[in-house]
Every structure is written in C-alpha cells, then in structure tokens.
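Working notes, beginning with the structure itself.
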Amino acid sequence: MIRFLKDGKYSIKMEFDLNGAKELLKLFELAYKNLSASVLLDFESSIEKGKYQKELYVVKNDLDNRIYRKSTTLILELDNPSIEYGVHKLSECINGEDFYPAEFCEVSFRETNVTIYGFFIK
Amino acid sequence: MLNNIADSKAAREASNFGNSVGNSNPANNLFGRDRFNRNTQQLTEWRRSISPDDIAAERAKFLGDDFIKIDEGKWRSLDGTRQFRVKPDDYLGKHGIGRPLVPNTPHVHFEFLSPTSNGFQVTKNVHVPIK
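From first to last, the protein sequence lines are chains A and B.
Quick note on our numbering: the first sequence kicks off at 1 and runs consecutively.
Quick note on our numbering: the second sequence kicks off at 123 and runs consecutively.
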C-alpha cells in the first residue's frame, strides 16, 4: 500500500507499508538510473481536493524537486540527492526501522514549497 | 535583522552571499533547497524542551542577529550555516521524533548547513520538543 495525501497547506503525507516500501524502493532505484515505472496507489490518494490519483511515477529531475498530477497519475520529480536519500530511508524501513525523521524532502507544488513526510505503517 | 523583509524581492536579491557582485551561482543562493542525506546526524534533545512562547527567542539565539525567513516556518542565518525550522506539522506534532520514535511530538529543529552545488546539505538536525 502506498498512499499520498495532501495533509495541509505545506505538507503531503506519503504512507506506505512493507510492500509499499519495496515498491517505492524499486521506483527510486529505477529513477536513479534515469528509468521510470509506475506503481498503483491506494484508492484514497489525493493531492488535490476531489481529485484522486491511481498511480505514481518517480522521475529524475536535476533542476528541481516537484510534484504534480496529470489526470489520475501522480508524478514525483526528484534530484539525485533526494533519490539517493529515498533509497537509503526505504531500505531502512525494509530492515524494520521507522521512517525517521518523517521529513523526506521538499518539493514544489503549484508554486508553493511543500514537505513530503514519510510514514512507515508497520 | 532581515527576517521582516523575507518575502521581498530585495531580500532575495540580497541573498547571494560570499560572492562577488553579479555572481548568480545557485550554490550561493541563500534561498536554495536544503536536503538531508544518509550522513545527516539526526539528534533529539530530550533533556530540555522549549515553551511555545520562547520559540522566537530561541530562534534569535541560534541564528544570531542576521537571519532571514526562507519559507513558511523556516529561517536561515545570513552566512548560510544554520537554520531554524518549525513548520506547522512540527508545531502541531503531526509526526514523531526520536529513536525509538515517540509519535505526535510537537517540536522545533535546530539545523546546521553546508553549502552544495544546488543548495544546502543539512549536516546536523537537532529536534527539541515543545512543552
């Protein structure tokens, strides 16, 4: 399970369980190699009120971190350091640790900086 | 103290530090993005806490007289070496701190920064609970 929720004006929650951590890790590793694939999101995933996203792409973008949606697809563009950090944190979760600290990275969303917070649901 | 002009164009233009006039190297942009990496020291200060009323004073004590508001809930010293952060989610305790994780703990962040080619690396992030 992977769920993205806009949780406040400046925050997006990224919740995932163990399977979700493994799927996210694969996405991040592919993005690091400039490849992309998608994963299905939990049906409640939404970063805009009333608009639900069904799948997630993680894409490398060395210019800036940003998140946006295209119809029912959520696109997370991250630079190399953020992708590397994501691989590190997700690997920790797969080894049983919490996603700590919860702050994963800052991204631009509709010209506002929002923080993506990771929550590993054990 | 420049925190009261944080959102102005002048503040952003004045934010290129440690460089010569006209140098637009993003590495020297005080408003550059900060990032954690696997080497960031994540610490939690359980021996003390700060009162909500003291947040502004703690921020000034940590950042010195010359700091600037970078974003909502984030202030940075003008030399780009320190950052004080208390985003709404931190203040409201929407996530936990510490290892083992103590969930839903309101807190602030005292952070030490190192400039990189595209922003700042957070070298140390100290969480302090709000009592």
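Built from N, CA and C at the ideal position, the CB exists for glycine as well.
What you are looking at is a predicted structure, and each value in this text was computed from that prediction instead of being measured.
Burial state of residue i (16 or more Cβ within 10 Å)
i, result
"residue 96 of chain A", "exposed"
"residue 139 of chain B", "Residue confidence for residue 139 of chain B is low, a pLDDT of 49 falling below 50, so the modelled location carries little weight and cannot support an answer."
"residue 121 of chain A", "exposed"
"residue 101 of chain A", "buried"
"residue 175 of chain B", "exposed"
Nearest candidate by alpha-carbon position, reference residue i, set the options
i, options, result
"residue 216 of chain B", "B/222, B/226, B/209", "B/226"
"residue 76 of chain A", "A/51, A/108, A/91", "A/108"
"residue 186 of chain B", "B/152, B/245, B/201", "B/201"
"residue 15 of chain A", "A/32, A/37, A/33, A/90", "A/90"
"residue 183 of chain B", "B/222, B/205, B/237, B/214", "B/205"
"residue 165 of chain B", "B/237, B/221, B/236", "B/221"
"residue 252 of chain B", "B/197, B/157, B/154, B/232", "B/232"
"residue 80 of chain A", "B/158, B/214, B/212, B/234", "B/158"
"residue 56 of chain A", "A/111, A/50, A/114, A/78", "A/78"
Beta-bridge pairing of residue i - partner residues as DSSP gives them
i, result
"residue 111 of chain A", "For residue 111 of chain A, which the question treats as bridged, DSSP gives no partner whatsoever."
"residue 69 of chain A", "A/74"
"residue 3 of chain A", "A/15"
"residue 50 of chain A", "Answer by DSSP bridge pairing: none, since residue 50 of chain A is not bridged."
"residue 159 of chain B", "Residue 159 of chain B is not bridged to any residue."
"residue 103 of chain A", "A/117"
DSSP three-state assignment for residue i, whether helix, strand or coil
i, result
"residue 43 of chain A", "coil"
"residue 38 of chain A", "strand"
"residue 60 of chain A", "strand"
"residue 97 of chain A", "coil"
"residue 28 of chain A", "helix"
"residue 118 of chain A", "strand"
"residue 80 of chain A", "helix"
"residue 33 of chain A", "coil"
"residue 165 of chain B", "strand"
"residue 154 of chain B", "coil"
"residue 10 of chain A", "coil"
"residue 55 of chain A", "strand"
"residue 149 of chain B", "The predicted position of residue 149 of chain B is uncertain, since its pLDDT is 46 and thus under 50; no value can be drawn from it."
Under 9 Å by beta carbon: chain E residues contacting residue i
i, result
"residue 44 of chain A", "Absence of chain E from the displayed structure is noted, the protein chains being A and B."
Ignoring anything shorter than 3 residues, give me the beta strand (DSSP E) runs that lie fully in the region 168 to 253 of chain B, in order along the chain.
189 to 193, 196 to 199, 204 to 207, 229 to 238, 241 to 251
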